[in-house]
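K.L.:
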Amino acid sequence: MDIRHPAAREEQAHLESTLSVVAQERRVAAGELDRAQRNLDTARRFDPDALPLREMLFARARQLSHQLDMAQKRPYFTRVDFIPRGGEMETHYIGRWGVIRSGTLEVEVSDWRSPVANLYYSGQVGPMRYETPEGRVEGELTLKRQLTVEDGVLKAIFDTGVASQDAYLQSVLGEMTGDRLRDIVTTIQAEQNFVIRYPLSRNLVVQGAAGSGKTTIALHRIAYLLYAFSSRLTPQRLLILAPNPLFLGFISGVLPDLGVEDVRESTFIRFLSERMGAALPRLKDAPESPEGGWKGSMDCVKRLDAYLDGFEDRFPPEGIFKFGPALLFDHAQARAFLLEAEKPFPLDRRKKEFEKELTRRLKDGLQKTLSWLDDECDRRSDLLERMTPPGQERAQRMRSLFTSRDLRKAEAKEKARTYVKSAMARFPSLSPALVLTGFWESLKDEPGLPGEAARQSLSLGKPTREDAALLGLIDLRHTERPRLDISHVVIDEAQDFSAAEFELLRRMMPQATFTAVGDLMQGIRSWRGIADWREVTDGVFHGDCVTHHLEVSYRNTVEIMETALTCARRHPVPGQGQVRPVLRHGPAPLFASFLGPEEQDAAILSAAQRWHEEGMGSIALVARDEKEAKALSKRLGWPLLDLDQDTYAAGLWVTEAAHVKGFEFDAVMISDASPARYADDARDARLLFVALTRPLHRLAVLYHGQLTPLLSRNDS
Numbered sequence: 006m007d008i009r010h011p012a013a014r015e016e017q018a019h020l021e022s023t024l025s026v027v028a029q030e031r032r033v034a035a036g037e038l039d040r041a042q043r044n045l046d047t048a049r050r051f052d053p054d055a056l057p058l059r060e061m062l063f064a065r066a067r068q069l070s071h072q073l074d075m076a077q078k079r080p081y082f083t084r085v086d087f088i089p090r091g092g093e094m095e096t097h098y099i100g101r102w103g104v105i106r107s108g109t110l111e112v113e114v115s116d117w118r119s120p121v122a123n124l125y126y127s128g129q130v131g132p133m134r135y136e137t138p139e140g141r142v143e144g145e146l147t148l149k150r151q152l153t154v155e156d157g158v159l160k161a162i163f164d165t166g167v168a169s170q171d172a173y174l175q176s177v178l179g180e181m182t183g184d185r186l187r188d189i190v191t192t193i194q195a196e197q198n199f200v201i202r203y204p205l206s207r208n209l210v211v212q213g214a215a216g217s218g219k220t221t222i223a224l225h226r227i228a229y230l231l232y233a234f235s236s237r238l239t240p241q242r243l244l245i246l247a248p249n250p251l252f253l254g255f256i257s258g259v260l261p262d263l264g265v266e267d268v269r270e271s272t273f274i275r276f277l278s279e280r281m282g283a284a285l286p287r288l289k290d291a292p293e294s295p296e297g298g299w300k301g302s303m304d305c306v307k308r309l310d311a312y313l314d315g316f317e318d319r320f321p322p323e324g325i326f327k328f329g330p331a332l333l334f335d336h337a338q339a340r341a342f343l344l345e346a347e348k349p350f351p352l353d354r355r356k357k358e359f360e361k362e363l364t365r366r367l368k369d370g371l372q373k374t375l376s377w378l379d380d381e382c383d384r385r386s387d388l389l390e391r392m393t394p395p396g397q398e399r400a401q402r403m404r405s406l407f408t409s410r411d412l413r414k415a416e417a418k419e420k421a422r423t424y425v426k427s428a429m430a431r432f433p434s435l436s437p438a439l440v441l442t443g444f445w446e447s448l449k450d451e452p453g454l455p456g457e458a459a460r461q462s463l464s465l466g467k468p469t470r471e472d473a474a475l476l477g478l479i480d481l482r483h484t485e486r487p488r489l490d491i492s493h494v495v496i497d498e499a500q501d502f503s504a505a506e507f508e509l510l511r512r513m514m515p516q517a518t519f520t521a522v523g524d525l526m527q528g529i530r531s532w533r534g535i536a537d538w539r540e541v542t543d544g545v546f547h548g549d550c551v552t553h554h555l556e557v558s559y560r561n562t563v564e565i566m567e568t569a570l571t572c573a574r575r576h577p578v579p580g581q582g583q584v585r586p587v588l589r590h591g592p593a594p595l596f597a598s599f600l601g602p603e604e605q606d607a608a609i610l611s612a613a614q615r616w617h618e619e620g621m622g623s624i625a626l627v628a629r630d631e632k633e634a635k636a637l638s639k640r641l642g643w644p645l646l647d648l649d650q651d652t653y654a655a656g657l658w659v660t661e662a663a664h665v666k667g668f669e670f671d672a673v674m675i676s677d678a679s680p681a682r683y684a685d686d687a688r689d690a691r692l693l694f695v696a697l698t699r700p701l702h703r704l705a706v707l708y709h710g711q712l713t714p715l716l717s718r719n720d721s
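So our numbering is basically just the index in the sequence shown, starting at one, shifted up by 5.
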């Protein structure tokens with residue numbers, strides 16, 4: 006050990022002691038895992054009723070064993086000394102995994118999610134307080150010591166004041182990116198810690214600047230909630246909604262690194278499709294239009310609710326349900342059954358119950374009809390015997406009478422076999438697409454509403470992405486689905502969700518609370534997404550929601566962020582806070598003009614080669630749109646970033662600006678920032694801002710002829 010710090014020997018001795026404890030606990034955990042495995046195997050063979058419990062105990066034992074294996078390599082990353090008011094000094098070592106002595110239940114290493122870890126995340130040396138389940142603890146923090154341990158070896162020690170803590174943060178931020186998002190356990194900042202530890206019981210919207218760590222914070226919040234509320238929250242009751250499958254692959258490693266498995270992860274459309282099945286038609290992309298924005302508004306949702314109220318009232322068919330002489334339902338009875346007796350259930354369940362009751366009554370009605378035919382035949386045969394003398398004529402008429410009766414009874418039975426089906430066909434269709442078509446039809450004469458165009462789109466079999474939430478709301482109201490046992494929902498890139506989509510999710514999971522993270526400045530689909538968080542906080546959650554702002558960007562260097570802010574300031578977003586980059590400097594972004602494809606390709610290849618030599622492992626060439634991206638990919642032989650694939654790998658990619666949102670790369674090139682590609686308007690400003698805020702270390706901006714006014718410079 007060659008560490009020049011007064012406490013080096015003390016910390017080395019403590020590390021050796023801790024590693025000894027971890028080794029002992031690993032042996033205990035291995036034994037528990039072995040017993041849990043044997044008990045699970047026995048339950049699978051002989052005791053299926055005990056299987057759920059045995060599976061749970063095995064999963065816990067396996068997770069503890071894994072965590073202790075990881076703790077053996079890096080048991081902790083910090084030490085804090087704290088003197089509670091009126092008490093004696095306490096020393097706490099904090100790590101990714103809590104380590105508890107199984108014999109005495111003493112805490113050897115505190116988990117980063119424990120209340121005492123707030124001493125590290127939220128305070129500087131001096132007066133300090135933190136919250137515990139037992140109440141507030143006040144006192145003085147006398148030491149914050151950063152400890153770097155790798156593979157069980159103590160590598161570095163330094164006591165953190167403001168300056169040294171910033172230096173450590175910058176060293177971590179200066180690392181190269183990899184194939185996936187990394188955890189930030191050792192560098193969580195106070196404003197991020199607030200979000201992570203926000204109570205489970207309330208809804209939270211996080212407006213976070215580009216690079217503020219929104220996604221990572223949301224994932225750490227999940228890990229914290231599972232730790233803090235373990236008695237009533239399981240991973241299976243948490244849901245993450247991300248923008249696309251590739252992004253799910255990008256973030257997939259964070260939760261396992263934090264000891265969390267089996268959290269449900271999906272995209273909005275995939276989640277809805279799994280829920281609705283064949284009832285959700287194939288959705289198509291639609292160009293930007295006022296219709297798309299209105300479809301996602303709460304005004305549209307309210308009008309749809311009113312339409313569905315009327316649809317329900319009109320659901321019982323006009324007229325009566327009669328079979329032969331038997332009245333099965335008159336109109337009043339049908340309405341009472343469907344709209345009163347079965348009111349608690351969705352319409353498809355009511356319709357099924359009505360069909361069951363109609364079938365039962367039909368059975369009685371058929372029996373009455375058959376009895377009536379028998380009685381009528383008997384009456385006529387008696388009359389025939391009295392009025393007609395015995396002989397061949399009477400016998401012939403008797404045979405005709407009974408033959409007619411038998412024929413009519415056979416006809417009644419045959420009619421009964423198809424009666425229910427034909428009777429139920431009188432009900433209107435509950436197909437969400439057809440119901441939505443009717444909704445658009447109802448709006449076609451209302452001025453200022455896009456009902457006619459939207460109706461035509463559906464009538465042509467072209468429901469769009471913007472119709473998804475409305476189709477879901479219809480299905481939720483009309484179709485009985487299994488209950489969703491979700492307690493908390495995390496929505497990433499929430500600015501691209503519409504208010505209608507938020508409302509659908511809230512209704513689908515009424516017992517759940519929500520954490521929504523996003524950035525209005527990155528709302529490149531603002532015409533169908535959120536323009537103001539009040540659409541969610543007030544319109545959807547009716548005030549039962551808090552908005553928290555993250556204004557510090559940790560991703561970009563100062564020089565890169567200042568370039569991006571030039572674009573953002575040109576067309577600011579209402580309510581957007583001032584973005585402040587963390588003080589990490591790097592080379593100034595490269596600006597270079599080109600006159601044709603050959604010069605453009607040469608500039609791209611030159612920058613890529615230089616960046617590779619500097620160790621940049623993840624490079625993105627960002628084009629304005631899909632057409633340009635495909636052309637560049639073909640010319641350069643570089644692969645296109647596919648958002649529909651499930652795994653993400655660092656490397657060299659060509660992609661369009663709309664697809665990089667949420668990702669980060671070591672270096673980024675804007676392929677063409679000329680006015681022809683990025684016009685001087687709010688939409689293109691957001692699109693370019695997203696691209697400019699993706700790189701951690703290097704940025705190059707190429708442009709054909711002239712630079713877009715969004716990046717107004719004096720370069721020629």
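Where a beta carbon is used, it is the ideal one built from N, C-alpha and C, also for glycine.
For clarity, every value in this text was computed on a predicted model and none was experimentally measured.
Buried or exposed: Met526, going by 16 or more other Cβ atoms within 10 Å of its Cβ?
P.N.:
Classification for Met526: buried.
K.L.:
Which stretch, first to last residue, makes up the beta strand (DSSP E) that contains Ala161?
P.N.:
Note, Ala161: beta strand (DSSP E), Val158 to Asp164.
K.L.:
Could you have a look at Ile222 and say whether DSSP puts it in helix, strand or coil?
P.N.:
Of the three classes helix, strand and coil, the one that applies to Ile222 here is helix, per DSSP.
K.L.:
Let's see if you can read the secondary structure: which residues bound the alpha helix (DSSP H) around Ile479?
P.N.:
Segment Ala473 to His483, the alpha helix (DSSP H) holding Ile479.
K.L.:
With respect to the alpha helix (DSSP H) encompassing Phe63, which residues constitute its N-terminal and C-terminal limits?
P.N.:
Element bounds for Phe63: Leu56 to Lys78.
K.L.:
How should Pro394 be labelled, buried or exposed, when 16 other C-beta atoms within 10 angstroms of its C-beta is the threshold for buried?
P.N.:
Exposed.
K.L.:
Count the other CB atoms within 10 Å of the CB of Thr713; is the residue buried (16 or more) or exposed (fewer)?
P.N.:
Classification of Thr713: buried, given that the 10 Å Cβ count is 16 or more.
K.L.:
What's the call for Ile325, buried or exposed, on a 16-neighbour Cβ count within 10 Å?
P.N.:
Per the 10 Å Cβ criterion, exposed.
K.L.:
Name, in chain order, the residues that DSSP records as bridge partners for Asn208.
P.N.:
Paired residue(s): Cys550.
K.L.:
Should Glu136 go down as buried or exposed, given a rule of 16 or more other Cβ atoms within 10 Å for buried?
P.N.:
Classification for Glu136: exposed.
K.L.:
Could you check what DSSP says for Gly396 in three-state terms: helix, strand or coil?
P.N.:
DSSP places Gly396 in coil when its eight states are reduced to three.
K.L.:
Tell me which residues share the same chain as Cys572 and place their Cβ nearer than 8 Å to its Cβ, disregarding the 5 neighbours each side in the sequence.
P.N.:
The answer, listed in chain order, is Ala690, Leu693, Phe694, Leu697, Leu715 and Leu716.
K.L.:
Quick check on the burial criterion: 16 or more other C-beta atoms within 10 angstroms. Buried or exposed for His497?
P.N.:
A small correction: the amino acid at residue 497 is Asp; His does not occupy that position in the sequence shown. It is buried - the Cβ of Asp497 has at least 16 other Cβ atoms within 10 Å.
K.L.:
If we ignore side chains and look at the alpha-carbon of each, how far apart do Ala284 and Asp480 end up?
P.N.:
Cα to Cα, the separation comes out at about 8 Å.
K.L.:
I want to know whether the stretch 67–81 touches the stretch 259–272 - three or more CB-CB distances under 8 Å.
P.N.:
Cβ pair count under 8 Å is three or more, so yes.
K.L.:
Please state whether the Cβ-Cβ distance between Val104 and Val27 is less than 7 Å.
P.N.:
Yes.
K.L.:
Give me the residue from Arg202, Asp606, Gly298 and Glu145 with the minimum Cα distance to Ala536.
P.N.:
Measuring from the Cα of Ala536, the nearest candidate turns out to be Gly298.
K.L.:
Let's see if you can read the secondary structure: which residues bound the beta strand (DSSP E) around Phe599?
P.N.:
Here the beta strand (DSSP E) through Phe599 covers Leu595 to Phe599.
K.L.:
Bridge partners of Thr364, per DSSP?
P.N.:
DSSP output for Thr364 lists no bridge partner at all.
K.L.:
Grab the span of the alpha helix (DSSP H) containing Val33 for me, first residue to last.
P.N.:
Looking at the DSSP string, the run of the alpha helix (DSSP H) that includes Val33 is Ala13 to Phe51.
K.L.:
Beta-carbon within less than 6 Å of Cys305's beta-carbon, same chain only, minus the 5 sequence neighbours each way: which residues are those?
P.N.:
For Cys305, where only same-chain residues beyond five positions count, the Cβ hits under 6 Å are Trp299.
K.L.:
CA-CA distance, Leu146 and Val112?
P.N.:
About 19 Å.
K.L.:
Can you list, in chain order, the residues of its chain whose CB lies under 7 Å from that of Ala161, leaving out five sequence neighbours each side?
P.N.:
Ile8 and Thr153, listed in sequence order.
K.L.:
Going by other Cβ atoms of all chains shown within 10 Å of its Cβ, with 16 needed for buried, is Gly108 buried or exposed?
P.N.:
So Gly108 ends up on the exposed side.
K.L.:
At what residues does the alpha helix (DSSP H) containing Phe326 begin and finish?
P.N.:
Note, Phe326: premise wrong, no alpha helix (DSSP H); beta strand (DSSP E) at Phe326 to Phe328.
K.L.:
When you compare the stretch 545–556 with the stretch 601–615, are there three or more beta-carbon pairs, one atom per stretch, that lie closer than 8 Å?
P.N.:
The answer is no - the stretch 601–615 does not touch the stretch 545–556, with fewer than three Cβ pairs under 8 Å.
K.L.:
Where does Arg365 land, buried or exposed, given buried means 16+ other C-beta within 10 angstroms?
P.N.:
Arg365 should be labelled exposed.
K.L.:
Is it buried or exposed for Val167, if we count other Cβ within 10 angstroms and need 16 for buried?
P.N.:
Here the model assigns Val167 a pLDDT of 46, short of 50, so the residue's position is not dependable and the matter cannot be decided.
K.L.:
Cutting at 8 Å between CB atoms, please list the residues of its own chain near Leu260, excluding the five before and the five after it.
P.N.:
The answer, listed in chain order, is Leu224, Ile227, Ala228, Glu266 and Val268.
K.L.:
Rounded to the nearest angstrom, what separates Asp670 and Leu701 at their Cα positions?
P.N.:
Sequence check: residue 670 is Phe here, not Asp. Cα to Cα, the separation comes out at about 6 Å.
K.L.:
Would you check if the distance between the CB atom of Ala672 and the CB atom of Arg703 is smaller than 7 Å?
P.N.:
A contact, by the Cβ cut-off of 7 Å.
K.L.:
Evaluate Met514 with the Cβ neighbour count: other Cβ atoms within 10 Å of its Cβ, from every protein chain shown; 16 or more gives buried, anything less gives exposed.
P.N.:
Buried, since its Cβ has 16 or more Cβ neighbours within 10 Å.
K.L.:
Give a yes or no on whether the C-beta atoms belonging to Tyr683 and Ser598 are separated by under 7 Å.
P.N.:
No.
K.L.:
If you measure between the beta carbons of Ala499 and Gly477, is that distance less than 7 Å?
P.N.:
No, they are not a contact pair.
K.L.:
On the three-state DSSP scale, how would you describe Lys348?
P.N.:
Note: Lys348 maps to coil in three-state DSSP.
K.L.:
Going along the chain, which residues of its own chain have a beta-carbon closer than 6 Å to the beta-carbon of Leu148, five neighbours each way excluded?
P.N.:
Asp86, listed in sequence order.
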